[in-house]
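In what follows, a single structure is set out as structure tokens and then discussed.
Number of protein chains: 2
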Amino acid sequence: MGLFGRTGIARRTILAIGLISLIVGGAAQAQTDPLPSWNDRGAKKAIVDFVQATTTQGSPAFVPAAERIATFDQDGTLWVEKPMYTQVIYCLERVPSLVKARPELADVEPIKTVMSGDREAISRLPTEDLEKILALTLTGMSVDEFRVEVAKWLDTAHDPRWKRPYTELTYKPMQEVLQYLRANAFKTYIVTGGGQDFVRVYAERAYGIPPEQIVGTAGATKYEYGKDGKPVLIKEAKLLLNDNFGGKPEGIHLMIGRRPLAAFGNSTGDREMLEYAKAGSGARLSMLLLHDDAAREYAYGPAHGLPDSKVGTFTQQLYDEAKRSSWTVISMKDDWKRVFAFE
Amino acid sequence: MGLFGRTGIARRTILAIGLISLIVGGAAQAQTDPLPSWNDRGAKKAIVDFVQATTTQGSPAFVPAAERIATFDQDGTLWVEKPMYTQVIYCLERVPSLVKARPELADVEPIKTVMSGDREAISRLPTEDLEKILALTLTGMSVDEFRVEVAKWLDTAHDPRWKRPYTELTYKPMQEVLQYLRANAFKTYIVTGGGQDFVRVYAERAYGIPPEQIVGTAGATKYEYGKDGKPVLIKEAKLLLNDNFGGKPEGIHLMIGRRPLAAFGNSTGDREMLEYAKAGSGARLSMLLLHDDAAREYAYGPAHGLPDSKVGTFTQQLYDEAKRSSWTVISMKDDWKRVFAFE
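Protein sequences, first through last, are from chains E and F. Count along the first sequence starting at 1, add 2, and that's the number in this note's numbering. Count along the second sequence starting at 1, add 2, and that's the number in this note's numbering.
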């Protein structure tokens, strides 16, 4: 019998205190883990260490709140990019309306192939043909008309594998990173090869990121007056910024004007952004998401014996640069407890 | 003798309460006048009414905080633009360093004229020549080198009339508008025909506006690797955005992606931005600053019998559109109690 075991009251008191400690301790732990969907491995530690180093007053790597910028690629980094970019699916599904408005296009390639409904033939369309389809379906209307069209489509379109709206296919662990950074006064930006105007339609709802924090591939607009004399901005088929490869740091400079402290990507198109963030002084975080989880999402890239695809390519060379440059590679399979919020 | 005048104590109490009311009332009034440098006229009232309409919960024109965007032209709207844009002065003063680095330019026009020091001849240089000088002095270096050069110049350069650093020549009443809007959760942007990278160097210090909230005329940059293998962004002589006229709403769409609720300008280059802001739904504020105060600043524009200059032009047509479209014209002479903070 121990020191405090002499009476039933004492025993019950000790038991109660023990229970309270357990409950309170558990709650405190849950509250202080900003990344509950991450396994306790190197990637999670790298994120937490980076945030503590840059935001703790007196830390040698402390950065004033106004300068805390973090940039995220979207497709394949914040949400699913397979089997096809969501925006490409949108453009393909817009083709019937396009032909209705401009019947002369029905017999012109590549519109003819898209209208045939032959999925096999559509998936084989070369990049130049896809670009023609993008130009035809993403330009020629006002920015307001475009916003309405995309919002309407997103309300009804579903991903074929998970049977859910595309905006639900964001990665829960990355959502936690966004929230964790924002809770520490970081401004979070999307820096995407996708169309800036397209992503702006849903990014506030899907990620809590406002339109002015979306940097993406952007076309020119033209200021005109509508029939009612009111000004409109018409989307033109003239490329201003190809926000891939070197275009990512160029776009970051154009639209943000500060070098990010942290950058997140998943493909060769993100390489330069990750280099650019990492090359700054002080504590820096460049992270590369490796899709190695065919069961829960997809597996692609050389590390998994799968061929690189045209889009979202993760080459051996990129993997080697990550190792050499102290970027952190995130393994979807090993680092993430869960992939989606709906799981 | 009045009701409360019967005893000395009562009298003193009343006196004390009266004094407290006066002091508290006075303090409250000072606290609630967000625009102390403005005379109580229509322009001030238009600003206060707009802020109250858009930020008061339950008001039919209430706008959620995230959507509160206000855009300001810089030259001639936030600071002095005469006798020459500050950026043009910078470029002209950079010419000797340019010639030192590239001696072959010394005998080439318009560099030769600038090097002659003949102010009369320099002031007569046509726009195309000025553009050549701008291209030569604003491009060909990294964005970091450029930032350092501009910061160094601003530290020593002085305006010839007021003998003060250019960054002190901001208008105190407009600074109050910026602060008042920000205190009401507006995001304030500069949307300038001037160079985006140039303005970013000092806008945080001069106006409290961070680099990511500067939209301006922008050239392309090119992502390269320096001799040390580190990435650099080189400023190229390729124009991406001419942020004047229709380019202002186009630049706003490109870099902000929302239509501003309020816009401030002073010249024909701002017309489209003022139209664009005003054409939105709900309460809108478009303001045009008229320079009619030769004693305290400058007077130019048709309303004052002065010829329009090449830059910062305020035409009769613009004035007529302002009246027709319910923009508010600010008279520097009549609406502003003071022009500069140092007065």
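Note that beta-carbon positions come from the ideal geometry of N, C-alpha and C, so glycine has one too. Predicted, not measured: the structure shown is a model, and the values here were computed from it.
Burial state of Arg298(E) (16 or more Cβ within 10 Å):
exposed
Do Gly78(F) and Ser327(F) count as a contact pair if the criterion is CB distance below 8 Å?
no
For Leu287(F) and Arg207(F), I'd like the C-alpha separation in whole angstroms.
26 Å
Straight-line CA distance for Gln215(E) to Thr158(E)?
26 Å
May I have the straight-line CA-CA distance separating Gly119(F) from Val97(F), to the nearest angstrom?
11 Å
With DSSP collapsed to three states, give me the class of Arg340(F).
coil
Can you give me the C-alpha to C-alpha distance between Pro66(E) and Asn186(E), rounded to a whole angstrom?
11 Å
Look up Ala239(F) in the DSSP assignment and say whether it is helix, strand or coil.
strand
Apart from the five residues just before and just after Val101(E), which ones in its own chain have a Cβ nearer than 7 Å to its Cβ?
Leu107, Ala108, Ile113 and Met117
Among all the DSSP beta bridges, which residues are the ones paired with Phe52(F)?
Partner(s): none; Phe52(F) has no beta bridge.
Give me the subset of the segment 244-262 of chain E whose CB atoms are less than 7 Å from a CB atom of chain A, sorted by chain position.
Among the protein chains in the structure shown, which are E and F, there is no chain A.
Excluding the 5 residues flanking Pro212(E) on each side, which residues of the same chain have their C-beta closer than 6 Å to its C-beta?
Glu206
Taking its Cβ as the centre, do 16 or more other Cβ atoms sit within 10 Å of Ile59(E), making it buried, or is it exposed?
In the sequence as presented, Ile is not what sits at residue 59(E); that position holds Gln. With fewer than 16 Cβ atoms within 10 Å of its Cβ, Gln59(E) is classed as exposed.
Check whether the segment 317-325 of chain F touches the segment 129-149 of chain F, taking contact to mean three or more Cβ pairs, one atom from each stretch, closer than 8 Å.
no
Would you kindly check if the distance between the Cβ of Thr219(F) and the Cβ of Leu243(F) is under 8 Å?
yes
Simplified DSSP state of Leu37(F), which is helix, strand or coil:
coil
Contacts of Thr223(E) in chain F (Cβ-Cβ under 7 Å):
Glu252 and His255
Could you give the distance in angstroms between the alpha-carbon of Arg340(F) and the alpha-carbon of Met86(E)?
60 Å
Would you call Thr330(F) buried or exposed, if buried means 16 or more other Cβ atoms sit within 10 Å of its Cβ?
buried
Please check if any C-beta of chain F sits within less than 8 Å of the C-beta of Val331(E).
no
Look at the alpha carbon of Ser333(F) and the alpha carbon of Leu291(F), and state the distance between them as a whole number of angstroms.
6 Å
What residues in the segment 192-218 of chain F have a beta carbon less than 8 Å from any beta carbon of chain E?
Gln198, Asp199, Arg202, Glu206, Pro212, Pro213, Glu214 and Ile216
Indicate the three-state DSSP secondary structure (helix, strand or coil) for Met143(E) in the structure shown.
coil
So the candidates are Leu37(F), Ser61(F) and Gly44(F); which of them puts its Cα closest to the Cα of Gly284(F)?
Ser61(F)
Give the residues of chain E in contact with Lys134(F), contact being defined as C-beta atoms less than 8 Å apart.
Simply none; closest approach about 23 Å.
Identified DSSP bridge partners for Glu226(E):
Val234(E)
Pairs of beta-carbons, one from the segment 218-237 of chain F and one from the segment 245-263 of chain E, closer than 8 Å: are there three or more?
yes
What is the DSSP secondary structure of Asp161(E), counted as helix, strand or coil?
coil
Is any heavy atom in the ligand ADP found nearer than 7 Å to the beta carbon of Val90(F)?
Inclusion of the ligand ADP in the displayed structure is not the case, the ligand content being empty and no account of it being possible.
Within 8 Å, strictly: CB atoms of Tyr92(E) and Val152(E):
yes
Can you tell me which residues form a DSSP beta bridge with Ile124(E)?
Ile124(E) is not bridged to any residue.
Between the alpha carbons of Leu263(F) and Lys250(F), how many angstroms are there, rounded?
14 Å
Mind checking Leu241(E): buried by the 16 CB within 10 Å criterion, or exposed?
exposed
Taking 8 Å as the cut-off, decide whether the C-beta atoms of Ile258(E) and Val217(E) are in contact.
yes
N- and C-terminal bounds of the beta strand (DSSP E) containing Leu287(E):
Leu287 to Leu292
Pop quiz: Phe337(E) and Ala72(E) are said to be a contact at Cβ under 8 Å. What is the actual Cβ separation, rounded to whole angstroms?
The residue asked about is misnamed: residue 337(E) is Asp in this sequence, not Phe. Not a contact, Cβ separation roughly 18 Å.
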